[in-house]
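Everything below concerns the one structure shown next.
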Amino acid sequence: MSALPATDRQPLGVITHGSLEGGLQMKLDRAESVEDVTSGSLVVVAGAQYDFFAMVKDVCIEAANEQILLNPPPAESDLLRKVMRGTGTYATLDLQPMLMAPQGGDAEHEEPQSVKTIPSHFSAVSMASEDDVARVFGAEANDGGDRYFEIGQPREMADIPVCLDLKKFVERSNAVFGKTGTGKSFLTRILLSGLIQSGRAVNLVFDMHGEYGMGTNKEPDAAGGETFVPGLKKLFRSQVSIFSLDPAATRERTGQSPDVPVHLYADQVTPADILPLQETMNLNDTAADSCYALQRRHGDAWLLELLDTEESKMDALAESVGAHTGSMKALRRKFAKLRGEDFFSTDSSDGKQDVIRELMKRLEDGKSVVFEFGGHTDVSTYLLVANIITRQIRAQYEKQANTFARTQNPADKPQQLMITIEEAHKFLTPRIARETSFGKIAREMRKYFVSLLVVDQRPSAIDDEVLSQIGTKIVAQLSDDKDLAAALVGTPESAALRKVLASLDSKRQALLMGHAPPMPMAIETRTYGPDFVDAMQSGGGAVGGDGQVQETETGARLEMY
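See the structure below:
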């Protein structure tokens with residue numbers, strides 16, 4: 333995309349002050365209304381040699397003389413107000429330059445770089461055009477059509493697409509933050525659609541509320557009504573598999589059987605899988621120690637031994653492993669309810685079909701997996717099962733990555749995997765983040781081709797080290813000061829960005845920032861609705877032209893191994 337000549341842009345004003353460290357200040361042209369410029373807007377400063385792409389971080393009104401403010405013109409004197417505007421009174425914008433790109437004939441071949449200097453006095457400032465936005469954020473048609481994906485448009489700038497660089501997006505763990513009701517799940521589905529359509533990564537989605545698979549949720553439409561929209565399985569057919577912990581609920585809700593029903597065995601649970609449940613099940617540190625004590629004595633059968641021991645014999649069991657009796661009894665009470673769950677069995681997993689192997693096979697074949705929980709909406713079930721699955725997937729990916737490093741054979745290279753988790757703070761609290769598989773993935777699994785997509789309304793509850801490892805953040809409205817601060821951990825110019833976050837509306841607005849976008853941008857997010865479905869279908873690839881769902885690949889009940 334070529335640079336737009338400075339003479340073809342519509343000036344907003346000119347630069348009057350500035351420094352490399354503190355940013356720039358511009359005076360708004362008297363013909364422009366200060367109310368038309370919003371915090372977070374993208375503007376372009378046309379220097380002598382470079383175009384500077386900057387974000388509006390503050391809007392101010394000034395007066396050339398204090399006497400004007402002491403004796404303001406009367407309300408009925410429109411003429412006097414107009415005469416003063418732009419001379420006696422004026423508006424200024426504080427700008428934060430983010431990128432610079434050379435002007436000239438070869439400018440379209442050079443990507444914008446970080447700012448190393450500033451423009452001179454009276455350099456013209458204008459609102460960014462569609463060409464400018466595409467030059468910074470890319471366009472879907474660029475690089476073969478599978479690298480850039482439209483996720484929205486600049487706030488207050490309709491019909492100008494803002495694209496996300498999917499190549500960079502999958503390189504790191506990422507996050508979607510926002511308080512309840514801001515549309516995090518719809519935005520996440522848009523991101524996952526881009527990844528599936530482009531083939532940049534396969535996805536494992538832990539779908540706690542049945543929002544990602546077949547699609548029964550409703551998206552508010554432009555008329556204020558609600559439109560039912562398809563999930564990822566309906567959009568991408570055979571490229572998405574549904575694994576369900578509750579096949580009956582999946583059939584009842586969607587009219588389709590899951591591709592793979594899932595079963596869980598007691599000998600597959602490790603003490604590390606219990607750690608995320610400490611808060612939700614009110615378990616103390618002694619309970620975790622008791623789990624490890626049982627495992628040291630009974631190996632993989634530690635949970636079975638706990639569940640099968642009668643209440644009257646708990647004292648003897650605790651003494652035999654060197655654990656606290658009260659803690660052991662509390663553990664047994666907490667986990668006794670697992671016996672009543674239809675997905676759980678105390679039988680041995682030996683000789684059973686291996687659902688992890690089936691999951692890995694589909695990921696290796698380039699298929700994404702939505703893991704549904706059906707009627708098992710209890711948070712403790714979600715945490716336990718997600719941890720068990722992720723722990724084993726992580727181990728498999730480490731093994732594959734080590735094989736690839738040894739052979740350097742492209743055929744051994746693992747598929748790039750992104751794991752999506754909601755209620756992420758329950759897996760990633762400072763207390764347990766170092767011990768859980770999710771914490772380890774966020775910190776060190778990039779080299780093993782695995783990353784996280786963290787979806788959460790409470791970023792302040794997530795461990796700071798994990799937050800610092802998140803590459804790209806898409807942050808919707810947050811109200812709590814602690815959450816605002818946490819969402820900006822490790823982000824340059826956090827003070828300016830905090831003002832932008834504070835100005836977001838509660839629906840369909842977000843701040844895009846971090847590793848994948850070249851610079852922060854306040855956007856109005858794309859709507860996950862009929863227009864989006866049409867765009868996905870017209871894009872070709874995996875999406876069927878008729879939009880109908882193929883028959884699912886239902887087979888015999890598979891067991892988790």
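Each number in our numbering corresponds to the 1-based position in the sequence shown with 332 added. Just so it is clear, CB atoms sit at the ideal spot from N, CA and C, and this is done for glycine as well.
The Cβ atoms of residue 507 and residue 711 lie no closer than 8 Å to each other. In this structure, residue 351 places its C-beta atom within 8 Å of the C-beta atom of residue 450. The region 745-760 and the region 472-489 do not touch, with fewer than 3 CB-CB distances between them shorter than 8 Å.
Looking at the backbone, the Cα of residue 844 and that of residue 855 are separated by about 7 Å. Beta bridge pairing from DSSP links residue 426 with 357, 390. Residue 344 and residue 421 have their alpha carbons spaced roughly 16 Å apart.
Judged by their CB atoms, residue 385 and residue 494 are not nearer to each other than the 8 Å cut-off.
Contact check for residue 784 and residue 609: beta-carbon distance about 19 Å, past the 8 Å limit, so the pair fails to qualify. When the alpha-carbon of residue 703 is set against those of 849, 491, 721, the nearest one is in 721.
Fewer than three Cβ pairs drawn from the region 666-679 and the region 496-513 lie within less than 8 Å of each other, which leaves the two stretches out of contact.
Of 839, 499, 758, 539, the smallest CA-CA separation from residue 803 is found for 499. Below 8 Å, enough C-beta pairs join the region 369-376 and the region 460-478 to call them touching: three or more. Counted as a single uninterrupted DSSP element, the stretch harbouring residue 598 is not any beta strand (DSSP E), since DSSP gives it neither H nor E. Considering only 828, 636, 781, the residue with the shortest C-alpha distance to residue 737 is 781. Residue 865: member of the alpha helix (DSSP H) spanning 862-870, first to last residue. In this structure, residue 577 lies near residue 708, with their beta-carbon atoms less than 8 Å apart.
DSSP places residue 825 in the coil class of the three-state scheme, outside both helix and strand. For residue 734, there is no enclosing beta strand (DSSP E); the enclosing alpha helix (DSSP H) covers residues 711-739.
Counted as a single uninterrupted DSSP element, the beta strand (DSSP E) harbouring residue 343 occupies residues 343-351. Taking one beta carbon from each stretch, the region 790-810 and the region 357-374 have fewer than 3 pairs nearer than 8 Å; the two do not touch.
Put simply, of 513, 521, 428 the residue whose alpha carbon is nearest the alpha carbon of residue 789 is 513. Per DSSP, residue 571 has no beta bridge partner at all.
Taken in chain order, the unbroken stretches of alpha helix (DSSP H) that lie wholly in the region 433-513 and span 4 residues or more are 462-469, 498-501. Boundaries of the alpha helix (DSSP H) harbouring residue 517: 516-530, taken from the DSSP string.
Beta-bridge analysis with DSSP links residue 672 to no other residue. Each residue's CA atom was taken as its position, placing residue 381 and residue 465 some 19 Å apart. Spatial neighbours of residue 412 in its own chain (CB-CB distance under 7 Å, excluding positions within 5 residues in sequence) are listed in chain order as 405. Its chain contains 821, 822 as the residues whose beta carbon lies nearer than 7 Å to that of residue 800, once the 5 sequence neighbours on both sides are disregarded; these appear in chain order.
Minimum Cα-Cα distance from residue 830 among the listed residues 867, 853, 839 corresponds to 853. Here residue 573 is not near residue 766, since their CB atoms are 8 Å or more apart. The beta carbon of residue 446 sits closer than 7 Å to the beta carbons of 431 from its chain, once the five residues preceding and following it are set aside; these are given in chain order.
Residue burial annotation: residue 698 is exposed, with fewer than 16 other C-beta atoms found within 10 angstroms of its C-beta.
If you check the CB distance, residue 706 and residue 586 do not come in under 8 Å. Ranked by Cα distance from residue 591, the first of 510, 521, 701, 624 is 701. Taking the Cα positions, residue 534 is about 33 Å away from residue 832. Separation of the CB atoms of residue 564 and residue 544 is rounded to 6 Å, and the pair is thereby assigned contact status at 8 Å.
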